[in-house]
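In order, the protein sequences belong to chains A and B.
Just so we're aligned, residue 158 is where the first sequence starts under our numbering, counting upward by one.
Just so we're aligned, residue 508 is where the second sequence starts under our numbering, counting upward by one.
The beta-carbon is built from N, C-alpha and C at its ideal position, and this holds for glycine as well.
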Amino acid sequence: MNAVAGVSVVSPANRLAAPALLLALAAGCVAWAWPAGLDGWRALAIVSAWAGSGLLAGSLLLMVREPRLAALFGGLDAQYRWHHRGGVLAYALLLIHPLALAGAGWQESPAVAWLALAPWAHHWPVWLGWAGLVLLMIGLAATFSAHLPYRRWRALHYLAGAGVLAGLGHVAALLAQLGPLWLLLPASVLAIAWRLLGADLGLAARPYRVRSVTHPAARMVEAVLEPCGPRMAVAPGQFVFAAFGDGAHFRGCREFHPFTVSGVGDDGTLAVGIKALGPCSTHVQALESGVTVRLEGPFGRFLADRAKSPQLWLAGGVGITPFIAALRAGPLAQPTVLIYLFRGAQDAAYLEELQTLAGADPQLALLAEAADGPPPLADLLGRVPQLAGRAVQLCGPAPLIDAARSELAARGVPPGAIHFELFDFR
Amino acid sequence: MWRPFCLLVLLAVQLPVHAGPWRAGEQNIYGWQVMTPDERIEHQRRLRSFTSYDDCRAYQQAHHAEMAERARAAGVVLSPRRQSACEQLRAQGRLQ
Ligand SMILES: Cc1cc2nc3c(=O)[nH]c(=O)nc-3n(C[C@H](O)[C@H](O)[C@H](O)COP(=O)(O)OP(=O)(O)OC[C@H]3O[C@@H](n4cnc5c(N)ncnc54)[C@H](O)[C@@H]3O)c2cc1C
């Protein structure tokens, strides 16, 4: 079995790579455009505009979904977090830009300040700038709405990409020379093209085919996928983006969605267990063998650091998938307690298999509980011996992870010993 | 892995030595007081877009004439500028 293939270590350099990229681009732009000899407000307008433009281009680069880049930036979730932070900070700086220009006008008269802000008093290069700001605002506002359906969220978020291009067009038109845009424009266009064509349309994806399909629980399907070409080196705990295509009777929704592998076979096969949680994952429940699948990845390093200390694993619902993958990969190296919470007996995916595995492996203790309401965490954690000395791995819905983290902290588990995987980042 | 970032930082440090765009300001634009914010932006854009000194001068003279006319109509006295944008751009090597 392929225990640690493809998982790289996250070093401090990896953690700093994304902020360093943002900082270098912003600082480089500001240094180039440094407004020597200008007064305060105009200088502020110029510095904020260039810092914002550098951050925006960096933020676009951090949107590219590619396994090696994600590993460089310390994981896809960390990369997306910096993508978001870079974008929000850039937007704030770019808002300062017209306001500071109005501030410069105010020193002459309120009328000049007002004219500096009124789009109708300007012509197309300035309109491009306003269009960029408005598009960025809509695209960013969408990311703060947790309840927006995923597809609407994605469509709105793409507007932010159009906003970046409009903003850079504004700079190019006004500057009448390229300067740092030699770097920012191609980098931004490349990042958008790579994301749209390479990741979202799947030109960079690998072809697989569904070999077999089972239903380990109600409203859940597990598919074993075999490679049609070069295989991916995936370790248990990692996830892939999968887009299901067509088969004899099945028409896939062809969108890429992230799924943790639930099994890694010696022959290059990968299993994914998919719970019906929305339109596409519900549609996939009718999957059949022979359907084509495109996979991107692998991503993530959940469960990668478990060789050193005794483990506590906590799974909620479909969050069991990384753990079943690790258990299927062979006997455990460390004493491990697995707490598995599910709503009812019909939702308890892999329960029999887990019980068999626990019976065969003396290192594994299984605590499986049905809980249709607040999880009985206090009781369950009270039953874990030497809790404070364990490395904790959590995977499940965000409310369960939050509750578990505070309960663990109250019981003396240091935050550095707690690792978790969320199933709902965007 | 760090090489791209080091290169970026080096690039950032190297750039300001000679680059940076020429900027319009009260001290180098004749008629600044009688121009709207949009005209100032557009004037800066036009001046930066020239590649030939003669084109720049021709545009600048037309601009001067128009500003002098506006100033007369408004009863404002425009003082001559200390610096000429076309000269500055030529000194930067941006105009032939
Ligand atoms: C790292 C990770 C691992 C996951 N592993 C599994 C797994 O092993 N088994 C499983 O059943 N589910 C897993 N999920 C959740 C699964 O990706 C979503 O349930 C699925 O994408 C839902 O799509 P939908 O169209 O059915 O529903 P939608 O209603 O479109 O989506 C429901 C929610 O899923 C999330 N989501 C949807 N599409 C994406 C996307 N392309 N990228 C990121 N998040 C998205 C969003 O938070 C969304 O609000 C995982 C998610 C992540 C982020």
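Using the beta-carbon of each residue, which ones in chain B are nearer than 7 Å to residue i?
{"i": "Ala273(A)", "result": "Pro544"}
{"i": "Val269(A)", "result": "Pro544"}
Determine, using beta carbons only, whether residue i comes closer than 9 Å to chain B.
{"i": "Gln334(A)", "result": "yes"}
{"i": "Leu219(A)", "result": "no"}
{"i": "Pro192(A)", "result": "yes"}
{"i": "Gly473(A)", "result": "no"}
{"i": "Glu265(A)", "result": "yes"}
{"i": "Gly163(A)", "result": "Caution is warranted here: a pLDDT of 43 is assigned to Gly163(A), below 50, making its placement in the model unreliable, and the coordinate value is therefore given only provisionally. No, because no Cβ of chain B sits closer than 9 Å to the Cβ of Gly163(A)."}
{"i": "Arg199(A)", "result": "yes"}
{"i": "Gly262(A)", "result": "yes"}
{"i": "Arg172(A)", "result": "no"}
{"i": "Trp189(A)", "result": "yes"}
{"i": "Ile349(A)", "result": "no"}
{"i": "Leu258(A)", "result": "yes"}
{"i": "Ile203(A)", "result": "yes"}
Would residue i pass as an interface residue toward chain A - the criterion being a Cβ-Cβ separation below 9 Å?
{"i": "Gln567(B)", "result": "no"}
{"i": "Gln603(B)", "result": "no"}
{"i": "Gly527(B)", "result": "yes"}
{"i": "Gln540(B)", "result": "yes"}
{"i": "Glu594(B)", "result": "no"}
{"i": "Ser591(B)", "result": "no"}
For a contact defined as C-beta to C-beta under 9 Å, what are the partners of residue i on chain B?
{"i": "Leu537(A)", "result": "Simply none; closest approach about 41 Å."}
{"i": "Trp339(A)", "result": "Per Cβ cutoff of 9 Å: no residues; Trp339(A) is ~11 Å from chain B at best."}
How many whole angstroms separate the CB atoms of residue i and residue j, which I take to be in contact at a CB cut-off of 8 Å?
{"i": "Phe398(A)", "j": "Pro415(A)", "result": "5 Å"}
{"i": "Pro393(A)", "j": "Pro224(A)", "result": "No, Pro393(A) and Pro224(A) are not in contact; Cβ-Cβ is about 16 Å, not under 8 Å."}
{"i": "Leu498(A)", "j": "Gly473(A)", "result": "5 Å"}
{"i": "Gly243(A)", "j": "Leu212(A)", "result": "5 Å"}
{"i": "Ala482(A)", "j": "Ser419(A)", "result": "5 Å"}
{"i": "Gly501(A)", "j": "Cys552(A)", "result": "Rounded, the Cβ-Cβ distance is 20 Å, inconsistent with contact."}
{"i": "Leu452(A)", "j": "Tyr365(A)", "result": "5 Å"}
{"i": "Gly402(A)", "j": "Thr449(A)", "result": "4 Å"}
Check the Cβ of residue i against every Cβ in chain A and list those closer than 8 Å, keeping chain order.
{"i": "Ile548(B)", "result": "His279, Pro282, Val283, Leu331"}
List, in order along the chain, the chain A residues whose C-beta lies closer than 9 Å to that of residue i?
{"i": "Ser556(B)", "result": "Ala333, Gln334"}
{"i": "Arg552(B)", "result": "Pro282, Ala330, Leu331, Leu332, Ala333"}
Who are the neighbours of residue i on chain A, taking C-beta pairs under 7 Å?
{"i": "Gly532(B)", "result": "Leu195"}
Is there a Cβ of chain D sitting closer than 9 Å to that of residue i, yes or no?
{"i": "Arg485(A)", "result": "Among the protein chains of the structure shown, namely A and B, there is no chain D."}
**Q.** Residues of the stretch 275-299 of chain A whose Cβ lies closer than 8 Å to any Cβ of chain B, in chain order
**A.** Ala278, His279, His280, Pro282, Val283
**Q.** the stretch 417-430 of chain A: positions lying closer than 7 Å to chain B by Cβ
**A.** none
Q) What residues from the stretch 575-589 of chain B come within 8 Å of chain A, judged by C-beta to C-beta, listed N to C? A) none
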